[in-house]
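For the sequence shown, counting from 1, position 90 maps to 90 in my numbering; every step adds exactly one.
Beta carbons are placed, not taken as given, at the ideal position from N, Cα and C, and that holds for glycine.
None of these values were measured; they are calculated from a predicted model.
Have a look at the structure below, then the notes.
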Amino acid sequence: MSRTSPGPGAFPAAAVGALALLLAATAAGCGSAEQAGDGQQGQAVARPAAAGPAADRVGALFVGGPDGARACTAGVVHSPGRNLLVTAAHCAAPGGVRTDGLVFVPGYRDGRAPHGTWPVTEVTLDPDWEAGQDEDHDVAFLTVGALDGEQVEDAVGADALAAGLGSGLDVTVTGYPNEDDAPITCRARTSSYSATQQRFDCAGFTNGTSGSPWVTDAGQVVGVIGGHQEGGISPDTSYSVAFDAHVTDLYRRASG
């Protein structure tokens, strides 16, 4: 199951192959992830995200523009070039095939792009994702071009990438379900799923929320929805690659 099934819209010819893989992955077994559950007793449940600086650093990824297919979520991370996003690798390269024509719309809601539409100019992936879609490498960094001479970080700010912090962290996760035209958000505590994967339990994270950044109270990104089961087969539990040295190395490649 992948939480990247695209919403309605036109598909640029250059992206048809990769988007077909997105659709195939979704058809293979969405299970209960198509509908948000009420969550287990006592479990956190996502709510609508209010507009503001923290939420506006997160945005929706589209193919071709805001009127095209919406598939994923991404967030701005601080970089020397002030032009870098983090998301899941299966968002940028489903099946290892890079999707052309991606654009990022920070703070997207109600069909509007309050901070502009930023073209993705470069995708940085781990070779193990491209070669075999290794779930332990399901993270990607996207470089976006400037708008009117301004970089995306100057427009909306950024969170800092952090690695090696372990689990048991209180994080806020904000993302874009395809069935909604505005983001949802949830605050909960991370836990360890394995030596290379972490999990986040909050109901409501359905298709479209892949790539949603996990942000600590200190403004540190410590994960993105992806990894195990490409994010999870239940809307109540999401996964992420554990951010460690290999993610830091990928970030250095992207920002170098």
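query	result
Since residue 183 and residue 49 should fall inside the 8 Å C-beta cutoff, what is the C-beta to C-beta distance between them, to a whole number of angstroms?	4 Å
Going by the beta-carbon positions, is the gap between residue 258 and residue 194 smaller than 8 Å?	Because the chain is modelled from 1 through 256, residue 258 falls outside the range shown and cannot be assessed.
Give the DSSP-derived three-state secondary structure of residue 7 in the structure shown.	Any reading at residue 7 is ruled out, since the residue's pLDDT is 40, under 50, leaving its predicted position unreliable.
Per the contact definition of three or more C-beta pairs closer than 8 Å, is the region 63-77 in contact with the region 121-132?	no
How many angstroms separate the CA atom of residue 39 from the CA atom of residue 208?	Low confidence applies here, because residue 39 scores a pLDDT of 49, under 50, leaving its location unreliable; read the following figure in that light. Cα-Cα distance, rounded: 19 Å.
Going straight from the alpha carbon of residue 214 to that of residue 102, what length do you get?	22 Å
Would you kindly report the start and end of the unbroken beta strand (DSSP E) that includes residue 238?	237-241
For residue 94, count neighbouring Cβ atoms within 10 angstroms of its own Cβ and tell me buried if that reaches 16, exposed if not.	buried
Per DSSP, which one or two residues make a beta bridge with residue 274?	Nothing about residue 274 can be read from this structure; the chain reaches only from 1 to 256.
Among 132, 165, 67 and 206, whose alpha-carbon lies nearest the alpha-carbon of residue 178?	206
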